[in-house]
Amino acid sequence: MDPLFLTGGGSLSCKVHPVVLFQVLDHFGRRNEGQKRVIGTLLGVVNNNVIEIRNSFPVPHSETNDNVAVDQEYHKTMLDLHQKVNATETIVGWYATGSSITDHSVLIHEFYGRETSNPVHLLVDTSISTGSLSTRAFVSTSLSAAITEKPWGSQFQQIKLDFKAFEAEKVGLDALLQRKDFSPEDPHARLSADLDSLEHGLERLAHMLQVCSEYV
-12 MDPLFLTGGG SLSCKVHPVV LFQVLDHFGR RNEGQKRVIG TLLGVVNNNV IEIRNSFPVP
48 HSETNDNVAV DQEYHKTMLD LHQKVNATET IVGWYATGSS ITDHSVLIHE FYGRETSNPV
108 HLLVDTSIST GSLSTRAFVS TSLSAAITEK PWGSQFQQIK LDFKAFEAEK VGLDALLQRK
168 DFSPEDPHAR LSADLDSLEH GLERLAHMLQ VCSEYV
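Just so you know, we're using my numbering here: the sequence shown kicks off at -12 and counts up by one.
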């Protein structure tokens, strides 16, 4: 069992869009040499106890055995830029790569707890040790004794996690899935696959635009 981890989470649940996982994997792939994990901010909306994670951005940080530091100025700058584009998406939590929650995770979670109420922590295991991309979501609650009101720790509770995709995201996923059937050693097959995927995507995009135009 991970340190400071309990199962549960009540009625709170989480939905993650596939673009967020791509962003996390891209961030991990571009990490600095020797960096064991990466973290970032999660953006989305909360409705009826459902946290919908729609977007994210990386946040530089550094860790040693004793300390952890988050680049708060970079975080603030990126947040301002994102909200100029889409003000409806607000901070809903943060992500980290790895297979377990660490003591430093508690400190980072406290930072995000000052940015939003009850942030969600998305943990993405990029090692694929189980043969698939393990993705889990957690929330944190304070621990305190009856004799004192001062909290003395936190516990992470795993919550239900599902995946959700917009129609445009499904188009991209379909294109990726179609490519796996073609041999990477055959350039003609790859080109044909690209053209077929592009044509299919444009057809679906045209249909989506037609549907939207009926409401304008």
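Note that CB positions come from ideal geometry on N, CA and C, so glycine has one too. Bear in mind the structure is a predicted one, so any value in this text is a computation, not a measurement.
Boundaries for Glu20: no alpha helix (DSSP H) harbours it, and the DSSP string shows neither H nor E there. Rounded to whole angstroms, the gap between the alpha carbons of His91 and Asn52 is 9 Å.
Here the alpha carbon of Asn42 sits roughly 14 Å from the alpha carbon of His108. DSSP, read as helix, strand or coil, puts Asp67 in helix. Between Gly80 and Leu29, the C-beta gap is smaller than 8 Å, which places the two residues in contact.
With respect to Leu148, Val3 sits close: the two C-beta atoms are nearer than 8 Å. Between Phe150 and Pro47, the beta carbon gap of about 28 Å keeps them out of contact (Cβ cut-off 8 Å). Within a 10 Å sphere around the beta-carbon of Phe125 sit 16 or more other beta-carbons, which makes this residue buried. Collapsing the DSSP output to three states places Pro45 in a strand. By the neighbour-count criterion, in which 16 or more other beta carbons inside 10 Å mark a residue as buried, Ala83 falls on the buried side. Here the C-alpha atom of Met65 lies approximately 10 Å from the C-alpha atom of Gln59.
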